[in-house]
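Protein chains: 2
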Amino acid sequence: MAVPRIGIGMDSSITPLRHGGLSLVQTTDFFYPLVEDPYMQGKIACANVLSDLYSEGVTECDNMLMLLGVSTKMTEKERDVVIPLMMRGFRDCALEAGCDVTGGQTVLNPWCTIGGVATTVCQPNEFILPESAEVGDVLVLTKPLGTQVAVNAHQWLDQPERWEKIKHSVTEELVLKGYERAMDSMVRLNRTAAMLMHKYNAHGATDVTGFGVLGHAANLAKNQKAEVSFVIHNLPVIAKMASIAKACGNIFKLLQGYSAETSGGLLICLPRDSAAPFCKEIEKLEGRAAWIVGIVEKGDRTARIIERPRVIEIPAIEKEGQLW
Amino acid sequence: MAVPRIGIGMDSSITPLRHGGLSLVQTTDFFYPLVEDPYMQGKIACANVLSDLYSEGVTECDNMLMLLGVSTKMTEKERDVVIPLMMRGFRDCALEAGCDVTGGQTVLNPWCTIGGVATTVCQPNEFILPESAEVGDVLVLTKPLGTQVAVNAHQWLDQPERWEKIKHSVTEELVLKGYERAMDSMVRLNRTAAMLMHKYNAHGATDVTGFGVLGHAANLAKNQKAEVSFVIHNLPVIAKMASIAKACGNIFKLLQGYSAETSGGLLICLPRDSAAPFCKEIEKLEGRAAWIVGIVEKGDRTARIIERPRVIEIPAIEKEGQLW
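Taken in sequence, the protein lines are chains G and S.
Under our numbering, the first sequence is numbered contiguously, ending at residue 479.
Under our numbering, the second sequence is numbered contiguously, ending at residue 479.
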């Protein structure tokens, strides 16, 4: 997520150019590794950067730069194994998105960092400003919540003291399945969703990352032209993550909507009649569900989750490409 | 300096766009603070990022993003003072260059980092590829060398053991003057030089940063279409930095051309007859000299410094705006 945001963009900056009605749409993001597999970490970082373009309905990334911090604490051998894998993951994800990594910057840093800069030059009809929600619209979410809980629970498998706290709510197998489900979600591009935003006349979107689904819903609500508010009724959550979160004494605030996500889904405002066909088509194209999670009401540009939201448990993916 | 470089750019990536013959020119750079004054550090970081655009003859930056790492080791009070100053310096420098900072990314990191992403969208006549040097061309350098030595010597004023080594070659006053001269140089934009590259039909350029003047000259030579080599005869060096470098046992390799520079000058290939008027005009416009430092010969795309280069001692700037 790009901060501070200035100008007319939200997740990306949108800058009018000197040339024929074109705009520069741009975003940057870097963070610290959160999964063990360097290749997957590279993919996640790239998908996460691109997501800021996709949330504005942009489907083409014209250029990607990579930002890399190589940890000073790695041995030379660790570096030689880990860094090329992370770079390859990043590059493979960019290629999947149809863009090249043409440069970047690498530094030595105490902590390992990975991220990038995604840029595209657009005609006005190529992006959708996140500001046109209308009363009666429906909110759709394209990826399940709970990635942070899943990543943490997975780390706790090796930390007996932490594991002690949650072992009565979950099995090791379910933690592993949740972790796999989170990885599947974090490496997945929101590009199809961005394409379908155009087809189904989306009124705006944001991507769910560090502030959690409610934090980003609130940002999106604040950015609307009309006097609307967002009400979230349903929380699709990776299976078992809600009970793990509960067992930890609610440090994640998952069901309150504030658990951080990495490379999360798009939260999209769609005309009421478009929402179901949108979800159906994304599932058909990608083998992954999207969910109607809320509605747009008349209001003061705020967002809330109802008192007892329905938690939809999203199970593991049993087999490559199989629907669930 | 942006690495790795892919595509037709050198200091910046140059990517053809889908729209009417336009190209995306882009670079990113971030590093660790090297001067004490946070405001000046912000300016230096911004000037350093922009320099990669200017070295390709680009004079307009369409968008700037800021990359910031806030040190976890700073107290809250230190952060509240230092970070806003650094951001303001960065932004003021961008404004001076005629562009806005429209976004970026801020993270917590053990080491403080500052940098940015500079992007522009260009018509073909707006950039100059660094590849058309011809035999008989002249090499011009637009800023003096020795910034790293100056910054280090300044730090050593507070380190008796280090100071002991150099105190017979320099006075405290001259170290302070050298530091001021280095700051003046590092915050200065290479934008006027980029504009004059067009006026005087430059055949290509690069900016002198981490690899030193010879390292970057070698990179530029390697990138030429014609069979040419670069020979450097003159080294304009901030006054006293050569003797400090010598007193330290040559750890900097300053006169060998390998001392790192931050936000260094452009090294430009100019037709022989253009070099003197170029230098004269930049001095007139900016109150700062540029120097003819070498020539382009027939060769195998390498660069060298002659055995006994002439070291030009560049004195401090006595008064704002005064020529020296």
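Every residue, glycine too, gets a C-beta built ideally from N, C-alpha and C.
*Interface partners of D217/S on chain G, CB under 8 Å*: Around D217/S, the beta-carbon contacts reaching into chain G at under 8 Å are T170, L172, R173, L179.
*State buried or exposed for E328/S, treating a residue as buried only when at least 16 other CB atoms are found within 10 Å of its CB.*
Flag for E328/S reads exposed.
*CB contact below 8 Å: F186/G versus chain S*: Closer than 8 Å: yes.
*Keeping to the same chain, check which residues put their C-beta closer than 7 Å to that of C403/G; ignore five residues upstream and five downstream.*
Beyond the five residues adjoining it in sequence on each side, C403/G comes within less than 7 Å, by CB distance, of K320, I321 in the same chain, given in chain order.
*Give the DSSP-derived three-state secondary structure of I447/G in the structure shown.*
Three-state DSSP puts I447/G in a strand.
*For a contact meaning CB atoms closer than 8 Å, what does V330/S contact in chain G?*
Neighbours of V330/S on chain G: none; closest Cβ ~28 Å, over 8 Å.
*Roughly how many angstroms lie between the CA atoms of P239/S and L189/G, to the nearest whole one?*
Each residue's alpha carbon lies about 29 Å from the other.
*Under the DSSP definition of a beta bridge, which residues are partnered with T261/G?*
When beta bridges are read from the DSSP output, T261/G appears opposite L223/G.
*Backbone CA spacing between Q196/G and T417/G [nearest angstrom]*: For the pair Q196/G and T417/G, the Cα-to-Cα distance works out to about 11 Å.
*Alpha carbon to alpha carbon, how far is I199/G from T297/G? Give it in angstroms, no decimals.*
Between the C-alpha atoms of T297/G and I199/G there is a straight-line separation of about 16 Å.
_Contact criterion: CB-CB distance below 8 Å. Does P464/G meet it with respect to chain S?_
Interface annotation, P464/G: not in contact with chain S, CB-CB separation never under 8 Å.
*Go ahead and label K439/G buried or exposed: buried means 16 or more other beta carbons lie within 10 angstroms of its beta carbon, across all protein chains shown.*
K439/G comes out exposed.
*Determine the burial state of R346/S: buried for a count of at least 16 other Cβ atoms within 10 Å of its Cβ, exposed for fewer.*
Per the 10 Å Cβ criterion, buried.
*List the endpoints of the continuous alpha helix (DSSP H) containing T347/S.*
For T347/S, the enclosing alpha helix (DSSP H) has its first and last residue at 346 to 354.
*Would you decide whether I269/S is buried or exposed? Buried here means 16 or more other CB atoms lie within 10 Å of its CB.*
The Cβ neighbour count for I269/S, taken over all protein chains shown within 10 Å, is at least 16; the residue is labelled buried.
*Close-in-space but distant-in-sequence residues of the same chain around R459/G (CB under 8 Å, 5 per side omitted)*: The answer, listed in chain order, is L369, S384, F385, V386, I387.
*Check the Cβ-Cβ distances between M165/G and every residue of chain S, and say whether any is below 8 Å.*
No, because no Cβ of chain S sits closer than 8 Å to the Cβ of M165/G.
*Kindly say whether Q303/S, judged by its beta-carbon, lies nearer than 8 Å to any beta-carbon of chain G.*
No, because no Cβ of chain G sits closer than 8 Å to the Cβ of Q303/S.
*Any beta-carbon of chain S closer than 8 Å to the one on L250/G?*
L250/G has a beta carbon lying at 8 Å or more from every beta carbon in chain S.
*Check distances from the C-beta atoms of the region 246 to 279 of chain G to those of chain S and list, in chain order, the residues that come in under 8 Å.*
Answer set for the region 246 to 279 of chain G: D255, V256, T257, G258, G259, Q260, T261, V262, N264, P265, W266, T268, G270, V272, T274, V276, Q278.
_Given I469/G as reference, the closest of S340/G, W311/G, L351/G once Cα atoms are compared_ = It is S340/G.
*Cβ of L220/G less than 8 Å from any chain S Cβ?*
So yes, L220/G belongs to the interface.
*Work out the CA separation of Q260/S and V107/S for me, nearest whole Å.*
The first residue shown for chain S is 156 and the last is 479, placing residue 107/S beyond what the model contains.
*Only counting runs of 3 or more residues, tell me where the beta strand (DSSP E) segments fall wholly within the region 372 to 411 of chain G, in order along the chain.*
As far as the region 372 to 411 of chain G is concerned, its whole beta strand (DSSP E) runs of at least 3 residues are 383 to 393.
*Taking the DSSP output, what are the residues bridged to A200/S?*
None; A200/S has no bridge partner.
*Under 8 Å Cβ to Cβ from T257/S, same chain only, skipping five residues before and after it: list those, please.*
Within the same chain, N218, M219, L220 come within 8 Å of T257/S by CB-CB distance, once the 5 residues on both sides are set aside.
*How many Å lie between E382/G and V290/G at the Cα?*
Going by the C-alpha atoms only, they are around 8 Å apart.
*Within-8 Å CB hit, T214/S to chain G*: Among the residues facing chain G, T214/S is not included, as its CB has no counterpart in that chain under 8 Å away.
*Consult DSSP for D207/S and reduce its assignment to one of helix, strand or coil.*
Of the three classes helix, strand and coil, the one that applies to D207/S here is helix, per DSSP.
*Per-residue DSSP class, three states only, for P464/G*: Strand.
*Might you give, ordered along the chain, the residues of its own chain that have their beta carbon closer than 6 Å to the beta carbon of L284/S, omitting 5 neighbours on each side?*
The beta carbon of L284/S sits closer than 6 Å to none of the beta carbons in its chain outside the five residues before and after it.
*Can you list, in chain order, the residues of its chain whose CB lies under 7 Å from that of D166/G, leaving out five sequence neighbours each side?*
In chain order, M156, A157, T182, D207, S210, E211, T361, D362 place their CB closer than 7 Å to the CB of D166/G, counting only its own chain and leaving out the 5 sequence neighbours on each side.
*Interface residues of chain G around T361/S at Cβ under 9 Å?*
Neighbours of T361/S in chain G, taken as residues at a C-beta separation under 9 Å, are lacking, since the least C-beta distance is about 15 Å.
*Residue from I169/S, V204/S, V180/S with nearest C-alpha to T364/S*: Minimum Cα distance to T364/S is reached at V204/S.
*P193/G bridges to which residues according to DSSP?*
Paired residue(s): none; P193/G is not in a bridge.
*In the structure shown, what three-state DSSP assignment does I437/G receive?*
Of the three classes helix, strand and coil, the one that applies to I437/G here is helix, per DSSP.
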